[in-house]
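Working notes, beginning with the structure itself.
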Amino acid sequence: MTWAPIWLRLAPPRQLGARIRWLFLIFILFNVVTSVPRTLEGDVAPLPWQLAAVAAALGLGWWWLRGYRRNSFPVWAAPVEGLALGVIGYGSHNWLITLGLLFSAVSFRGLYGTWRHALLMTVSLFAASAAAIALTEPGQLGVFLQQSAGVPPLALFTAAVAESTRRQEQAAARERVFARLGSTLVTTSDADAIGRHAAEAAEELLGGLPGGWAAITRNTPEGEAVSTVAGPVPAALLAGDISSVRVTLTLRSDKQLYGTLMAGGDVPIPAEVMPSLETLAAQTVLGLRNAEHAADLRHQAFHDNLTGLANRLLLRDHLEQAVARARRGSPVALLMVDLDGFKAVNDTYGHAAGDQLLVAVAQRLRDGIRGADTAARLGGDEFAVLLDGMDSPRDAVLVAERLLTSIQEPLVVSGVELIPRGSIGVAVWEDHADADALMHDADTAMYSAKTAGKSRVAVAA
């Protein structure tokens, strides 16, 4: 380990609370270092006790440095640190050394933990120091007690400073979480990603709560299910047991229920965190609603509003991808479908009846193809079907004949039974120049079917 990384880790931090802890660390380490020669230069205490005092001082210095770098101290350390300070007092036989270390230790250690921890630390350090002086310099105990009268107020002051800076740091951290989440929600339209970011933000807002975790549930056709988690989520929760949940916030917008934001931990969630979690839930709802709107816009941009089939833009995109695969040997075919006599239906029964007919034909096309295929409405009464990855070119003709049979089944529209008719042109990829060439051949074949008498399938030459 080099000195440069150590110095960088001990460099003055920028945050107010961290800088205060850094200053008190420097103060206490200075007292530790200067106590060593002052302890060894005395000749009252036996040498073994002097060496024990030096070891205790250096051990405390290492321990405090370690706690500073980890930004925490365990509760059990308070009596141990008090014992070490007592050893220093006994081995140095110098109440001034003990008093200096007591003040600096209370100042530094009061910045960590809760008020209860600060009280325990103060009592442990003070009691051990007083006991050591009572054993080594009983005549100076009264002076020590008089000079150390400021220790309790100092402990209260440092604990108050720690609490104030801790709240400021938590508020700043929450602002950073919301700023980051806000920018993420603006650029994200995927509901799963929004849920993941929201759960991570909620876990951050818990601020290091022991065992703190957060989860987002989403409503599904099968019921509510956990969709994303952050932190050490209890296994029982994933199995549906919500007994470990301490906070549940509904993600609802108007009449739309998206799910819930849940959070928990080994201890109760602090009351001051609740407003932030509620704000997070509101932002999550806004993000999910915007994602829903964005998904609707994307769907409208690439799908036919009447039938829900792909539109010309989406068909073109899928066709170009299929053509690229066809160049690598995957058979591709394009069917052009045109309804025969559709104008007469509109003129006789009205446009509403015509729309019903188009929707019914679209559904029959959708039902007659595989999931890998694409059915599209190009406009008016024109449709197209992209068959991707067929076993053989002959399959395209079989599919076209099956679709034509389905299209021409009787249909009741506006109380009137109609028998739709259609003509289908088939073009199979055979080293065509591009997607436009394949569409041209399929279109030409479709018009050939119409010219040959309609209600039939024609294959491009």
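Residues 1 to 461 (full-length UniProt numbering) are what the sequence shown spells out, left to right. Heads up, the beta-carbon is just placed ideally off N, CA and C, and yes, glycines get one too. Computed from a prediction, not measured in an experiment: that's the story for all the values here.
Whole-angstrom distance between PRO234 and THR279, CA atom to CA atom: Taking the first residue of the sequence shown as position 1, residue 279 is located at position 279. Taking the first residue of the sequence shown as position 1, residue 234 is located at position 234. Using only the alpha carbons, I get a separation of about 24 Å.
Would DSSP call MET274 helix, strand or coil? Residue numbering aside, residue 274 sits at position 274 when the sequence shown is read from its first letter. In this structure, DSSP gives MET274 a helical state, which the three-state scheme calls helix.
Selection from GLY207, THR228, LEU96 and ARG176 that minimises the alpha carbon distance to ALA199: Along the sequence shown, one-based indexing puts residue 199 at 199. Of the residues GLY207, THR228, LEU96 and ARG176, the one whose Cα lies closest to the Cα of ALA199 is THR228.
Out of curiosity, what's the CA-to-CA distance linking GLY212 and PRO268? Position 212 of the sequence shown, counting from 1, holds the residue named residue 212. Position 268 of the sequence shown, counting from 1, holds the residue named residue 268. Rounded to the nearest whole angstrom, the C-alpha separation of GLY212 and PRO268 is 10 Å.
Selected residue, minimal CA-CA separation from ARG252, among SER72, GLN321 and VAL285: Counting from one through the sequence shown, the residue named residue 252 turns up at place 252. Nearest of SER72, GLN321 and VAL285 to ARG252, Cα basis: VAL285.
Could you please give the first and the last residue of the uninterrupted beta strand (DSSP E) stretch that includes GLN256? One-based indexing of the sequence shown puts residue 256 at position 256. Counting along the chain, the unbroken beta strand (DSSP E) around GLN256 starts and ends at 256 to 264.
Count the other C-beta atoms from every protein chain shown that fall within 10 angstroms of the C-beta of GLN283, then say buried if there are 16 or more, exposed otherwise. For the purposes of this step, residue 283 is identified with residue 283 of the sequence shown, where counting begins at 1. Counting the other Cβ atoms within 10 Å of the Cβ of GLN283 gives 16 or more, which makes it buried.
Considering only the alpha carbon of each residue, which of GLU204, THR220 and ARG366 lies closest to residue 528? There is no way to answer for residue 528, as the model of the chain reaches only from 1 to 461.
For GLY329, count neighbouring Cβ atoms within 10 angstroms of its own Cβ and tell me buried if that reaches 16, exposed if not. If you number the sequence shown from 1, residue 329 lands on position 329. With fewer than 16 Cβ atoms within 10 Å of its Cβ, GLY329 is classed as exposed.
Run through the DSSP bridge pairs and tell me what ASN31 is partnered with. Walking along the sequence shown from the start, residue 31 turns up at place 31. ASN31 is not bridged to any residue.
What does the Cβ neighbour count give for GLN168, buried or exposed, with the cut at 16 atoms within 10 Å? Within the sequence shown, numbered from 1, the residue matching residue 168 stands at position 168. When all chains shown are included, GLN168 counts as exposed.
Spatial neighbours of LEU404 within its chain, please: C-beta separation below 7 Å, excluding the five flanking residues on both sides. Taking the first residue of the sequence shown as position 1, residue 404 is located at position 404. Correct list, in chain order: GLY422, ILE424 and VAL457.
Hey, would you say ALA460 sits closer than 8 Å to ALA435, going by beta carbons? By one-based count along the sequence shown, residue 460 stands at place 460. By one-based count along the sequence shown, residue 435 stands at place 435. With a cutoff of 8 Å on beta-carbon distance, ALA460 and ALA435 are scored as not near each other.
Buried or exposed for THR451, going by 16 or more other Cβ atoms inside 10 Å? Start at 1 with the first residue of the sequence shown, and residue 451 comes out as number 451. By the neighbour-count rule (16 or more Cβ atoms within 10 Å), THR451 is not buried but exposed.
Inspect the CB distances between the segment 26 to 34 and the segment 57 to 70 and report whether three or more fall short of 8 Å. The segment 26 to 34 makes contact with the segment 57 to 70, as at least three CB pairs between them are under 8 Å.
DSSP three-state assignment for VAL245, whether helix, strand or coil: Counting from 1 along the sequence shown, the entry for residue 245 is found at position 245. Coil at VAL245, not helix or strand.
Below 8 Å between beta carbons: does that hold for ALA263 and ALA202? The residue labelled residue 263 in the question sits at position 263 within the sequence shown. The residue labelled residue 202 in the question sits at position 202 within the sequence shown. Going by C-beta atoms, ALA263 is nearer than 8 Å to ALA202.
Does the CB of ASP367 have a neighbour CB from chain D at under 8 Å? In the structure shown, chain D does not exist; there is a single protein chain.
contact_flag[the segment 101 to 115, the segment 125 to 134] where n(CB pairs < 8 Å) is 3 or more: By the Cβ criterion, the segment 101 to 115 is in contact with the segment 125 to 134, since at least three pairs of Cβ atoms, one from each stretch, lie closer than 8 Å.
May I have the straight-line CA-CA distance separating PRO420 from LYS454, to the nearest angstrom? Translated into positions along the sequence shown, residue 420 becomes position 420. Translated into positions along the sequence shown, residue 454 becomes position 454. So the alpha carbons of these two residues sit roughly 12 Å apart.
Chain-order list of residues whose beta-carbon lies under 7 Å from that of ILE216 (same chain, five-residue window excluded): Within the sequence shown, numbered from 1, the residue matching residue 216 stands at position 216. Cβ neighbours of ILE216 beyond the five flanking positions: GLY195, ALA198, ALA199, SER227, THR228, GLY259 and LEU261.
Do LEU314 and ALA362 have their C-beta atoms closer together than 8 Å? Looking up residue 314 in the sequence shown gives position 314. Looking up residue 362 in the sequence shown gives position 362. Cβ distance not < 8 Å, so LEU314 and ALA362 don't count as in contact.
Check the DSSP bridge columns for PHE383 and list the partner residues they point to. Indexing the sequence shown from 1 puts residue 383 at position 383. Per the DSSP secondary-structure output, PHE383 pairs in a beta bridge with VAL337 and ARG377.
Taking the alpha helix (DSSP H) that TRP49 belongs to, which residues open and close that run? Taking the first residue of the sequence shown as position 1, residue 49 is located at position 49. In the DSSP annotation of this structure, the continuous segment of the alpha helix (DSSP H) that includes TRP49 starts and ends at 47 to 70.
Report yes if the CB atom of ILE369 is closer than 8 Å to the CB atom of VAL385, and no otherwise. Looking up residue 369 in the sequence shown gives position 369. Looking up residue 385 in the sequence shown gives position 385. Yes; because the gap between Cβ atoms is below 8 Å, this pair is in contact.
DSSP state of GLU222 mapped onto helix, strand, coil: Stepping through the sequence shown from its first residue, residue 222 is reached at position 222. DSSP places GLU222 outside both helix and strand once states are collapsed to three, so it counts as coil.
Go ahead and label GLU417 buried or exposed: buried means 16 or more other beta carbons lie within 10 angstroms of its beta carbon, across all protein chains shown. Taking the sequence shown and counting its residues from 1, the one referred to as residue 417 is at position 417. Here GLU417 is exposed, its C-beta having fewer than 16 other C-beta atoms within 10 Å.
Determine the extent of the alpha helix (DSSP H) in which ILE133 is found, giving its start and end residues. As a working mapping, residue 133 is identified with position 133 in the sequence shown. Bounds of the alpha helix (DSSP H) holding ILE133 are 115 to 136.
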